[in-house]
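Trainee:
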Amino acid sequence: MQNSADLPFIDESARDRLTVEGDDALTYLQSQIAQEIRDIEVGESRWTLVLAPNGKIDVLARITRTADLTFVLDTDAGFGETLEARINRFKIRVKADSSLVPAENSAPSAGHEAARIAAGWPRMGAEIVSGETIPAVTGVVPLSVNFTKGCYPGQELVERMDSRGADAPKTLRILDVPDGTAVGECIDDLADVTSVSGTTALAYVKRGNDVGRLPAHLD
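The sequence shown begins at -4 in the numbering used here and counts up by one.
(1) What is the residue span of the beta strand (DSSP E) that glutamate 31 lies within?
(2) Would you give the residue range spanned by the alpha helix (DSSP H) that alanine 80 belongs to?
(3) Using only the alpha-carbon positions, how far apart do methionine -4 and aspartate 184 sit?
(4) Using the rule of at least 16 other Cβ atoms within 10 Å of the residue's Cβ for burial, across every protein chain shown, is proline 210 buried or exposed?
(5) Specify, as a first and last residue, the run of the alpha helix (DSSP H) that threonine 22 falls within.
(6) Any contact of the segment 35 to 43 with the segment 55 to 69, i.e. 3+ C-beta pairs under 8 Å?
(7) For the segment 130 to 158, which segments carrying the alpha helix (DSSP H) assignment without a break, of at least 4 residues, lie completely within its bounds, in sequence order?
(8) With burial defined as no fewer than 16 other Cβ atoms inside 10 Å of the residue's Cβ, what is the status of proline 103: buried or exposed?
(9) Which residues mark the beginning and the end of the beta strand (DSSP E) in which glutamate 39 is found?
(10) Can you tell me which of the three DSSP states glutamate 122 falls into?
(11) Glycine 75: which of Pro97, Thr133, Pro3 sits nearest, CA to CA?
(12) In angstroms with no decimal places, state the Cα-to-Cα distance between leucine 68 and valine 15.
(13) Let's test the definition: count the other Cβ atoms within 10 Å of the Cβ of proline 3 and tell me whether it reaches 16, buried, or not, exposed.
(14) Does the segment 106 to 119 come close enough to the segment 181 to 199 to have 3 or more Cβ pairs within less than 8 Å?
(15) Taking the C-alpha atoms as reference points, what is the distance between aspartate 71 and arginine 84?
(16) So, at 8 Å on beta carbons, what are the nonlocal neighbours of glycine 73 in its own chain, with the 5 sequence-adjacent residues on each side left out?
(17) Which residues in the same chain have their Cβ closer than 6 Å to the Cβ of valine 206, if we skip the five residues on either side of it in sequence?
(18) Apart from the five residues just before and just after arginine 281, which ones in its own chain have a Cβ nearer than 6 Å to its Cβ?
Here is the structure:
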């Protein structure tokens, strides 16, 4: 069975990995992340957001249960320390230890990056700025947030926007762009480019503008 969190464009060699293990690992992580993990099986993975208390994204991560009391959270290279600091931030009298293994490579391969952009999947440091980006703009909320799991830091902003059906101020979309388009360009005063591979780009498009295509997981 293919794991629902396996995405072909993810370069596994460019992922920092944080292991959290111990008697309280499950209950503590359940209280800290946006995903439901109480029913996760050994060997299963799910995407999750790890939020700051104000609801902005600290890290987009994938969590895998590798043993009954052991979980591995992996994220884009260079953001493992941010992930570890956030996970440990509220850990008081908790029987769970963490250890971080940095990625083999500091960035995804060109092929993986091109496939990621074509699929519309956000990357830390590009589409997601740690401590600044709100979940609703990224397009990953349906895959990374469980709305019935119970409380966790940052929940209020996510729940409020969902319950009110509020439109995000911008949305991540896939655009066809001229060759030579660069990250940081603003196209027609509507779309801010965040990643580019050849003539395909990811860009945040301002609310109310039907520009580009939805990411594959939302289409």
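Positions of the beta carbon are idealized from the N, C-alpha and C atoms, including for glycine. Quick caveat, the model's predicted, so the values are computed rather than measured.
Mentor: According to the structure data:
(1) Unbroken run through glutamate 31: none, as it is neither H nor E.
(2) 75 to 83
(3) The predicted model places methionine -4 with a pLDDT of 33, which falls under 50 and marks its position as unreliable, so this point remains unresolved.
(4) buried
(5) 20 to 25
(6) yes
(7) 136 to 139
(8) buried
(9) Counting along the chain, glutamate 39 falls outside any beta strand (DSSP E), and DSSP gives it neither H nor E.
(10) coil
(11) Pro97
(12) 8 Å
(13) exposed
(14) yes
(15) 20 Å
(16) Asp11, Ala98, Ser101, Met119, Gly120
(17) Leu185, Ala186, Val200
(18) Outside the modelled stretch of the chain, which goes from -4 to 214, sits residue 281, for which no answer is possible.
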